[in-house]
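Numbering (our numbering), first residue to last: 11 to 246.
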């Protein structure tokens with residue numbers, strides 16, 4: 011008799027769901043993920059002074075109205091190899107200028123925001139409409155180059171994780187290396203007709219998805235080495 015009662019109770023419970031007496035949890039409609047496809051692309055031009063201009067474009071699709079933040083953060087410096095002359099390896103700290111931003115076609119002037127030892131370049135909209143959105147950030151880093159004998163090494167740090175195209179205002183690029191655990195690095199990317207390209211697939215496996223990418227761009231300044239701005243190196 012106990013088994014029969016249990017079977018009857020199960021049938022009645024199922025009938026209550028079908029008849030609308032009870033609402034099953036599966037009837038609750040979950041909100042879709044608001045973020046659709048996202049693409050990042052950076053174009054870097056290194057100048058003879060050892061700085062660079064970087065133009066980063068972020069494209070984001072929203073499938074429904076939601077908060078939208080485009081941009082990213084980079085460290086405010088790069089750990090250099092140990093030169094054995096100081097207790098701690100130096101940190102090269104490039105300068106930075108204002109950011110010219112164009113968000114969904116509207117020009118907006120921004121300043122890089124400093125938070126501890128990080129610089130953030132970005133734009134945030136509390137309630138952005140559904141559809142395609144684009145933000146483009148153009149800014150410069152100055153004194154971002156250290157000399158290693160006759161080789162100049164420019165440290166490039168994009169704020170986004172996507173493909174990076176690199177070139178020089180004059181001359182060629184000899185090699186590009188992706189830094190893993192500073193100061194360790196490994197060759198990455200490939201030479202192109204105009205310079206060098208590092209794709210998202212070239213990111214070292216040692217870096218997590220949220221870790222910023224630092225590139226060592228190696229080139230020969232030749233007789234123009236005197237033009238390179240002395241970098242600020244912090245040994246603290």
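Virtual Cβ for every residue (Gly too), placed ideally from N, Cα, C.
With contacts defined by Cβ atoms closer than 8 Å, residue 169 and residue 176 do not form a contacting pair. Between residue 130 and residue 81, the C-beta gap is smaller than 8 Å, which places the two residues in contact. By the criterion of at least three beta-carbon pairs nearer than 8 Å, the region 143-152 is not in contact with the region 198-212. One thing to note: residue 230 has its Cβ no nearer than 8 Å to the Cβ of residue 185. In terms of Cβ geometry, residue 74 and residue 87 do not form a close pair [threshold 8 Å]. Look at the region 173-222 and you find these whole runs of beta strand (DSSP E), each 3 residues long or longer: 173-178, 185-189, 195-197, 206-208. With a threshold of 16 other beta carbon atoms within 10 Å, residue 62 meets it and is buried. Annotation: the continuous beta strand (DSSP E) that includes residue 48 extends over 45-56. For residue 151, DSSP records a beta bridge to 62, 106.
For residue 165, the closest alpha carbon among the candidates 233, 43, 101 is that of 101. For residue 87, the secondary structure class from DSSP, reduced to helix, strand or coil, is coil.
Taking the Cα positions, residue 65 is about 20 Å away from residue 78.
In this structure, the beta-carbon distance from residue 127 to residue 99 does not fall below 8 Å. Within a 10 Å sphere around the beta-carbon of residue 58 sit 16 or more other beta-carbons, which makes this residue buried. Distance from residue 143 to residue 119 at the Cβ level is roughly 19 Å; contact not present, criterion being Cβ atoms closer than 8 Å. The C-alpha of residue 54 is placed about 14 Å away from the C-alpha of residue 163.
Judged by DSSP in its simplified three-state form, residue 170 adopts coil rather than helix or strand. Secondary structure of residue 236 (DSSP, three-state): helix.
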